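Okay, structure first, notes after.
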Amino acid sequence: MRTRYDRTVASLREAFSSDELYLGLYEEMFSEEKIRELSRFCAVPFKPRFAEKKVNTTPKDVELNEAVMAAIARHYEDVYRFVAAEFPAATRLWRGYRYL
């Protein structure tokens, strides 16, 4: 359920107006630019030190073989296509795109 960005974003857009939503990619959230954007959106002071610590990261010692990665990408192809259209940076940040 948590990997269906297409469904999640559609539900959010039904419930909130565009000025009530901030949507972004996790992989970009630790740059000063994105922290500044989010701080502005939330009307809170900008704290660049938030870029220093990443939370909820995937362990680096977890590696799936190529066949599994390709099967996952194919299974979630609709999600990958949606995310590419909404967040073009994902195509360079998410490894799964190379399998489509």
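Under this note's numbering, think of the first position of the sequence shown as 48, with each following residue one higher. Virtual Cβ for every residue (Gly too), placed ideally from N, Cα, C. Keep in mind the model is a prediction, meaning the values are calculated, not measured.
| Taking just the CA atoms, how far does residue 125 sit from residue 5? | Residue 5 is absent from the structure shown; the chain starts at 48 and stops at 147.
| query | Measuring CA to CA, which of 90, 52, 123 and 147 is closest to residue 73? | reply | Here residue 73 is taken as the residue at index 26 of the sequence shown, counted from 1. Residue 73 has its Cα closest to that of 52, out of 90, 52, 123 and 147.
| message | Quick check on residue 88: does DSSP put it in helix, strand or coil? | response | The sequence position of residue 88 within the sequence shown is 41, counting from 1. Three-state result, residue 88: helix.
| task | Spatial neighbours of residue 79 within its chain, please: CB distance less than 8 Å, with the 5 preceding and 5 following residues excluded, ordered by chain position. | result | Residue numbering aside, residue 79 sits at position 32 when the sequence shown is read from its first letter. Excluding positions up to five away in sequence, the list reads 95 and 98.
| query | Whose CA, out of 75, 84 and 138, lies closest to the CA of residue 68? | reply | The count along the sequence shown starts at 1 and reaches residue 68 at position 21. Across the set 75, 84 and 138, the C-alpha of 84 shows the shortest separation from the C-alpha of residue 68.
| message | If I follow the unbroken alpha helix (DSSP H) through residue 132, where does it start and stop? | response | Residue 132 sits at position 85 when you count from the first residue of the sequence shown. Residue 132 -> alpha helix (DSSP H) spans 124–133.
| query | Just curious, the alpha helix (DSSP H) that residue 61 is in, first and last residue? | reply | One-based indexing of the sequence shown puts residue 61 at position 14. For residue 61, the uninterrupted alpha helix (DSSP H) run begins and ends at 52–62, by DSSP.
| task | Can you give me the Cβ contacts of residue 59 inside the same chain, cut-off strictly under 8 Å, excluding the 5 residues immediately before and after it? | result | Locating residue 59 in the sequence shown gives position 12, counting from the first residue. Taking residue 59 as the centre and dropping the five residues before and after it, the same chain places the C-beta of 68 and 70 closer than 8 Å to its C-beta, in chain order.
| For residue 49, the three-state DSSP class (helix, strand or coil) | As a first step, residue 49 is located in the sequence shown; it is residue number 2 there, counting from the start. DSSP places residue 49 outside both helix and strand once states are collapsed to three, so it counts as coil.
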